[in-house]
Structure formats: structure tokens, C-alpha cells
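Numbering (the numbering used here), first residue to last: 381 to 493.
Positions of the beta carbon are idealized from the N, C-alpha and C atoms, including for glycine.
In what follows, a structure is listed as C-alpha cells, so that the remarks can point back to it.
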């Protein structure tokens, strides 16, 4: 199916896109598009037999988007010199947010294991 094809080439799309887009803005835009489409396809079609696996893969898609957000924050230079928030603080907040997202997503289906 198209879903299986799209999801199977998602990782090569995200990792090899650097060869197509030598500048950061094109690469980030392409990766955001691929990540959003992959998350949408996955959450709508739930291609795996196990709800736990579906949840873990959805978490993987969200982590890809989180990584892209970090790249955008870095590129925007929002937390550089003169800012009251350091990049270390941003990293800690995003890591904690990631852990909270994982807990919220996995806790309801953890009984399946």
C-alpha cells in the first residue's frame, strides 16, 4: 500500500535529504513536511497489529518533530547571548517534555506488554 511505501522510505528521505538541499532552510522545510506526513499517515492508519507498537512509532514521529524544532530554535538564534534563557535550559526543557510525552503516550497501552 502507499502507506507502507511512504513509511518505509521515510528514514532515507529524512537522512538523505541533505544531498538534495544544501542549505538549511530547504532541508528543514522538507524534513518538517516528511515528518508531519509520516505522523499523519501513522496515526490515521495504525499500520501495526499491536497498539503498543503503534504508540511507540507515533512517539518516534513526535521525537523527529521535536528534533526539527530544536534545529529551528538554534537557527533562529533565539537563545544566544543576551537572552535570559540559555540553550542548555532549552535542551533540558525539551528533554523533560519528551519524557512527559512518552509517559503520557505509553502508560495507557503499557498493559499490553
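Distance, residue 451 Cα to residue 402 Cα: 15 Å
Contacts around residue 509, its chain only, beta-carbon distance under 8 Å, and the 5 residues preceding and following it disregarded: In the structure as shown, the chain begins at 381 and stops at 493. Residue 509 is therefore absent and cannot be evaluated.
Do three or more CB pairs link the segment 420-435 to the segment 462-477 at distances below 8 Å? no
If you compare alpha carbons, which of 405, 484, 418 and 457 is closest to residue 437? 418
Beta-carbon separation of residue 455 and residue 404 under 8 Å? yes
Proximity to residue 416 [Cα-Cα], best of 462, 446, 399 and 435: 446
Contact set for residue 482: own chain, Cβ-Cβ below 6 Å, skip 5 residues either direction: 439
Alpha carbon to alpha carbon, how far is residue 432 from residue 443? 16 Å
In the structure shown, what three-state DSSP assignment does residue 460 receive? coil
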